[in-house]
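Residue numbers (my numbering), protein chains in the order written: chain G, 1 to 217; chain E, 218 to 531.
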């Protein structure tokens with residue numbers, strides 16, 4: 001609640017209205033799947049059209065093993081796909097590569113970093129914002145997770161129209177994140193890059209790597 | 218005593234032909250073209266439309282002989298340099314390239330040092346390749362400083378069919394300290410923006426600061442500004458990775474030119490030629506990329522400690 005004060009969001013009033021509920025990690029129930037489902041169902045039954053829910057992974061990791069938290073995350077995916085529920089899971093930006101890959105794989109509806117957003121699109125993924133070495137690791141993992149699971153046959157599309165900036169580390173992430181799919185003979189289409197990003201991709205000859213295609217809008 | 222040294226095919230060469238008239242120019246050019254064609258290589262003769270017309274008339278056509286206009290091929294020193302390098306480095310089959318002409322120095326002598334630095338950097342960037350340059354300079358029309366620079370940037374002189382080591386030749390790193398190289402200093406004007414970076418998390422803020430200052434204080438095209446921001450970003454990254462904990466950025470903006478100074482507090486072992494060579498598959502390519510995204514990058518030791526990098530747009 002402390003972090004909401006000063007943001008312009010009237011958190012205290014929302015709590016008084018019963019529109020916002022805050023739970024601490026010490027409250028053992030919050031990590032119980034059945035309790036989570038019933039809480040959401042109650043809110044929907046009260047007439048709220050949808051529920052938004054956000055939680056910190058760091059906090060959860062302080063009270064439970066990471067493997068257990070990962071199971072919960074997968075179960076949360078189920079809640080989102082069976083109810084009008086949106087969940088924003090907060091992770092520290094600096095994660096070990098293997099952890100980052102798991103986290104990316106379990107959040108297929110998109111990732112948000114301080115500079116970048118990814119979101120699923122038919123046959124691929126859209127990347128918007130700025131990619132530099134502070135978030136290139138996340139992009140690599142998101143691409144690795146998505147390009148491995150998105151349908152074979154057609155090219156995996158990486159939609160770049162919302163990407164304002166890409167640095168060398170980011171370009172490398174586009175290459176390494178899709179390497180497995182391309183090595184297996186799959187194609188990757190880098191679509192609709194803005195002129196500065198397009199220039200960088202061509203300067204680094206990313207368009208000539210096996211399996212890549214660079215396309216306009 | 219002059220000694221005739223042949224140009225070795227398969228290796229790099231960069232010769233200077235000083236001439237006083239068209240006859241000397243034609244004789245020297247014809248001999249160079251003939252040797253290039255005999256080696257089995259590709260030959261390029263470049264120049265102004267008038268010069269190319271003169272050379273076309275003097276040379277028999279050949280499937281491996283091409284003519285090119287400076288306005289297409291020599292648009293700026295850095296783009297010309299890296300176009301040659303990429304052609305040689307990225308060709309699927311080995312290429313032996315013979316190129317001759319006069320670099321388009323321009324009418325204003327103030328613009329000559331940028332091309333002189335290009336001539337010097339060629340010796341670093343293209344040395345690994347089977348590239349042969351014969352650069353022709355007209356001693357009747359060019360200022361003496363420009364001729365002096367040409368002598369310092371070409372390992373060999375070609376005169377009257379003889380080819381001799383240039384006694385004034387300087388290695389590219391040494392040439393940068395030569396007054397004729399005219400390496401620029403940061404502008405005297407007041408900077409339009411300054412920032413200090415402590416980690417990569419500060420990069421985005423620095424990029425936006427630079428972009429906003431450039432857009433409000435210069436009249437440069439958006440693509441020039443965007444490319445410059447990318448170049449500066451890579452130099453800042455280098456500073457953060459190798460240069461200790463704090464990296465400073467200073468920005469100057471004129472109507473048609475941006476200058477950035479990036480300084481760090483690292484151990485300060487700077488290589489002024491960093492980023493000129495074609496990167497190996499695992500090598501650092503940040504500076505190589507940056508050099509292609511702006512007009513010039515000057516790397517030197519900071520007085521005291523650390524490294525100092527000055528970047529300029531055209």
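C-beta: ideal position from N, C-alpha, C; glycine also.
Note that the structure is predicted; figures quoted are calculated from it, not measured.
Any Cβ of chain G closer than 7 Å to the Cβ of residue 423(E) would place that residue at the interface, and such an atom is absent. Among the residues of the stretch 487-509 of chain E, those with a Cβ less than 8 Å away from any Cβ of chain G are 502, 503, 506 and 509, in the order of the chain. For residue 474(E), the enclosing beta strand (DSSP E) stretches over residues 474-481. Taken in chain order, the unbroken stretches of beta strand (DSSP E) that lie wholly in the stretch 25-56 of chain G and span 3 residues or more are 51-56. Counting only Cβ-Cβ distances below 8 Å, residue 417(E) has contacts in chain G at 132, 133 and 134, in chain order. Residue environment for residue 371(E): buried (at least 16 other C-beta atoms within 10 angstroms of its C-beta). Close CB contacts of residue 51(G) within its chain, under the 8 Å cut and outside five residues either way in sequence, are with 40, 43, 44, 83, 84, 85 and 86 (chain order). Out of 97(G), 144(G), 75(G) and 128(G), the CA that lies nearest to the CA of residue 192(G) is found in 128(G). Taking the Cα positions, residue 494(E) is about 12 Å away from residue 305(E). Within the same chain, 329 come within 6 Å of residue 363(E) by CB-CB distance, once the 5 residues on both sides are set aside. Here the stretch 506-515 of chain E makes contact with the stretch 437-452 of chain E; the two share three or more CB pairs at distances below 8 Å.
By the Cβ rule, the stretch 414-425 of chain E counts as touching the stretch 129-146 of chain G, because three or more pairs are nearer than 8 Å. Excluding its 5 nearest sequence neighbours in each direction, residue 454(E) has C-beta neighbours in its own chain below 8 Å: 417, 420 and 503, listed in chain order. When the Cα atoms are used, residue 166(G) and residue 27(G) turn out to be separated by approximately 42 Å.
Between residue 460(E) and residue 483(E), the beta carbon gap of about 3 Å places them in contact (Cβ cut-off 8 Å).
By the Cβ criterion, the stretch 245-253 of chain E is in contact with the stretch 312-321 of chain E, since at least three pairs of Cβ atoms, one from each stretch, lie closer than 8 Å. Shown here, residue 293(E) sits in coil according to DSSP, grouped into three states, outside any helix or strand.
Within chain E, the residues placing a beta-carbon under 9 Å from that of residue 195(G) are 439, 440 and 443, ordered along the chain. Under the Cβ criterion (8 Å, minimum of three pairs), the stretch 351-368 of chain E counts as touching the stretch 230-239 of chain E.
Within the same chain, and ignoring the five residues on either side of residue 176(G) in sequence, the residues whose Cβ sits closer than 6 Å to its Cβ are 140. Beta-bridge annotation (DSSP): residue 231(E) is paired with 350(E). Burial check for residue 100(G): the Cβ neighbour count within 10 Å reaches 16 or more, so the residue is buried.
Going by beta carbons, residue 415(E) and residue 463(E) fall inside the 7 Å limit. Contact with chain G is found for residue 420(E), since one of that chain's Cβ atoms lies less than 7 Å from the residue's Cβ. Just so you know, the alpha carbons of residue 156(G) and residue 124(G) end up roughly 5 Å apart. When rounded, the separation of the alpha-carbon atoms in residue 164(G) and residue 117(G) is 11 Å. Shown here for residue 456(E): same chain residues with a beta carbon closer than 8 Å to its own, the five before and five after excluded, namely 414, 464, 479, 480, 481, 483, 524 and 526 in chain order. Under the DSSP assignment, residue 80(G) falls outside any beta strand (DSSP E), being part of the alpha helix (DSSP H) whose first and last residues are 66-82. The three-state reading of DSSP puts residue 428(E) in helix, counting H, G and I together.
Taking 7 Å as the cut-off, the Cβ atoms of residue 410(E) and residue 435(E) do not count as close.
Residue-level contact check: residue 450(E) touches chain G, since one or more beta carbons of chain G fall below 7 Å from its beta carbon. A straight line joining the alpha-carbon of residue 514(E) with that of residue 468(E) spans about 14 Å.
At least one beta carbon of chain E lies nearer than 7 Å to the beta carbon of residue 167(G).
Rounded to the nearest whole angstrom, the CA to CA distance from residue 14(G) to residue 79(G) is 24 Å.
Taken through DSSP and simplified to helix, strand or coil, residue 362(E) comes out as helix.
CA-to-CA, the gap between residue 69(G) and residue 188(G) works out to about 33 Å.
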